[in-house]
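Chains as they are written, first to last, in the numbering used here: chain S, 250 to 391; chain G, 250 to 391; chain W, 250 to 391; chain E, 250 to 391; chain A, 250 to 391; chain C, 250 to 391.
Here it is in structure tokens:
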């Protein structure tokens, strides 16, 4: 039987595990990682999103994982030098052998209390066993 | 009138420009950029794809560009330490203010003549003027 | 009158601000940042601690800051390749022109639910004005 | 009998292999890799040349290689921030156990169609066997 | 009997070894390693100090070492972009299983003969054996 | 009158300045900067040599400099992971507008007192004025 997907249906054990899987990374955007427009490289943001998503997925299942895809990603706002960027990743879907993790980046002014949503993406990971074949990502302990 | 999209309809000037926009980057996959499975980080691959796509788009239009989105990206094959990875980017669609660039990564053995397709993605860029507003990416010279 | 120091005496506005100043960064310890014992460089840990403490202090006061000192730092546990490290920084003392931030690093296994305290440090920052002279870090709004 | 050296004398198999050995890398010169004159570090250019030459040599012979020397290198033009740099490497000489690879760097404006030759160098590599001793780099298949 | 600590009491063999343990590293402070105040990150300085201290300690004892603590570090002067920074590390204390290394950073103008002391720190390392347990750092050869 | 070149003929002021121009950098060769043979990349060594030579030349003349060439460089010994590498640069020739700097890399075992010469190179720099034109590198104060 496939694992249920909606928050209502999930076992409370899985929901607790999802809560604890959240991963946060905050970075100061210094000139060394910005382009000649003085904004963060899109590719750098993608690399951060994949790494933070990977950590969140690992925290959920505690198994070796490989990235299998990223869904469409929209860069809504540029992230300027001299700001802070917070990357927040959380598991949103648990399949048999795969996990989906949503990642959001928020841009925060350094010198006033102001914060906006900048980028959202969803990454899919597959758990692999010692034989590098897909393996079950979540076992409901009875 | 929007610019035409199919290769057949494009002006020969645009086609010539697209040919010249191709950008290639080859990398040796050394242990310093691999994870504990001894394969390239997915995020590193995404960062390379965005940068190479950006260069191809710049070569096409010679205007300041920002990344606006990446389409769904599938990681078909892992890229192991001790191989070569070639990233090839080429403009595939020219809109009014935006460009789409296809990027493919091929993995090549170091020590025998063998090469496979590993990752494909499409990145969209918008040309921006001095006022940071979208501007035309391509002007057909009459 | 100097600002009060104990949690009990602090104004509730300051306490609320301190709560919101917490900064978290989680990292996967891959071979690219470990030494030949396969453990994280002490210096890399120090650099992460300073950066995370700087972000926490910035979130508290929203003013330009410079590092003025780090107190004695004990490396209680080594952080091995193939684990996760979480750096958590929080303001613990507010002076007239300076802030103290406590930073802790926890090491977490990738493949089982196990987490230990590894390193603790306290960094002191001074707020500086346009003239690069120390300036007040916190103004109690009446 | 030593392998012949002039293009005319080379076997067509070797010539075909040399053609396919070309390696290209294009980079955007962002502020993070320039010095305080806003131009690319000479040392960074040297590192790129060695890596691209190494890949070209590997593509030719598919054997483990070590750098043994670089010939005199002239830096004819500085490479400014905000330009593109293309590194192109190609095998130019095949010895018994060594290969010579020519590497050229071209600097290309981002915002107009203009390209100039900037740096040329020749790197020599030796093929090594499992015993780390020099081994034959090319075997003419009869 | 514990090893003696004052320079007068140390054996001449140990003193000679301490002299030879000095490690020096000089760096040009380019924009890629400075923050948005155009000065070196405090954390980067800490990482350099730990690495240089580690090398000095290794040169003294030629044994595997781990960082166990850093004493209070004062950042007396900021290190601006466009200057040189010299890190000098030297063993100052030899215990049974541990070593203390003093590290100083000097900031030097690029374009005039002017040099000032910027940062001082003391790092403690412990020698470890194959079993990762503390082991003697210095054996007086009779 | 051109400046004299042999050590005997140089003014004592110039000789004193050359003595003080020496620049030393020591590095621990960790896996993050080695290739899949577990030895330092040739290109990384070249980048270090250029940077250390640049600092030595700057210390001599205290003027803005650009790299104009590197002479033939021989890589006599590979530098393995788990060793120390010391780069030592010193001015060896003073021309009207240019300087030659010799750079040597020594490889030193971490765990025994053993040191060997690995790489030697000579880099030429030209002093440039505000107009980016060559300018005199040394003025004999009478």
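From the three backbone atoms N, C-alpha and C, an ideal C-beta is built for every residue, glycine too.
Quick caveat, the model's predicted, so the values are computed rather than measured.
Exposure label - residue i; buried when at least 16 CB within 10 Å
{"i": "residue 294 of chain C", "result": "buried"}
{"i": "residue 288 of chain S", "result": "buried"}
{"i": "residue 345 of chain A", "result": "exposed"}
{"i": "residue 301 of chain C", "result": "buried"}
{"i": "residue 357 of chain S", "result": "buried"}
{"i": "residue 273 of chain A", "result": "buried"}
{"i": "residue 292 of chain S", "result": "buried"}
{"i": "residue 373 of chain W", "result": "buried"}
{"i": "residue 260 of chain S", "result": "exposed"}
{"i": "residue 388 of chain A", "result": "exposed"}
{"i": "residue 379 of chain C", "result": "exposed"}
Supposed close pair residue i, residue j - CB separation, criterion 8 Å
{"i": "residue 352 of chain G", "j": "residue 298 of chain G", "result": "4 Å"}
{"i": "residue 313 of chain S", "j": "residue 376 of chain S", "result": "7 Å"}
{"i": "residue 371 of chain W", "j": "residue 306 of chain W", "result": "Contact doesn't hold; Cβ gap of about 12 Å is too wide."}
{"i": "residue 278 of chain G", "j": "residue 334 of chain G", "result": "6 Å"}
{"i": "residue 324 of chain W", "j": "residue 384 of chain A", "result": "About 18 Å; that fails the 8 Å criterion."}
{"i": "residue 270 of chain W", "j": "residue 308 of chain W", "result": "4 Å"}
{"i": "residue 386 of chain C", "j": "residue 347 of chain C", "result": "7 Å"}
{"i": "residue 304 of chain A", "j": "residue 275 of chain C", "result": "5 Å"}
{"i": "residue 328 of chain C", "j": "residue 367 of chain C", "result": "6 Å"}
{"i": "residue 321 of chain E", "j": "residue 318 of chain C", "result": "6 Å"}
{"i": "residue 365 of chain G", "j": "residue 326 of chain G", "result": "6 Å"}
{"i": "residue 286 of chain W", "j": "residue 280 of chain C", "result": "Actually they are not in contact, since the Cβ atoms of residue 286 of chain W and residue 280 of chain C sit about 11 Å apart, beyond 8 Å."}
{"i": "residue 336 of chain G", "j": "residue 354 of chain G", "result": "5 Å"}
Where residue i sits in the DSSP three-state scheme
{"i": "residue 268 of chain C", "result": "helix"}
{"i": "residue 251 of chain E", "result": "Note that residue 251 of chain E has pLDDT 43, beneath the 50 cutoff, so the model's placement of it is unreliable and no number is given."}
Beta bridge counterpart(s) of residue i as assigned by DSSP
{"i": "residue 366 of chain C", "result": "C/355"}
{"i": "residue 383 of chain S", "result": "S/377"}
{"i": "residue 277 of chain E", "result": "E/333"}
Proximity test, residue i beta-carbon vs the ligand FMN heavy atom, cut-off 8 Å
{"i": "residue 261 of chain G", "result": "Among the components modelled here there is no ligand, and therefore nothing to report on the ligand FMN."}
Under 7 Å from the C-beta of residue i: neighbouring residues of chain D
{"i": "residue 281 of chain G", "result": "Structure shown: chain D not included; protein chains present are S, G, W, E, A and C."}
>> Quick check on the DSSP output: what are the complete beta strand (DSSP E) runs of length 3 or more inside the region 282-348 of chain E, in order along the chain?
In response: Within the region 282-348 of chain E, the complete beta strand (DSSP E) segments of 3 residues or longer fall at 314-319, 322-324 and 332-343, listed in chain order.
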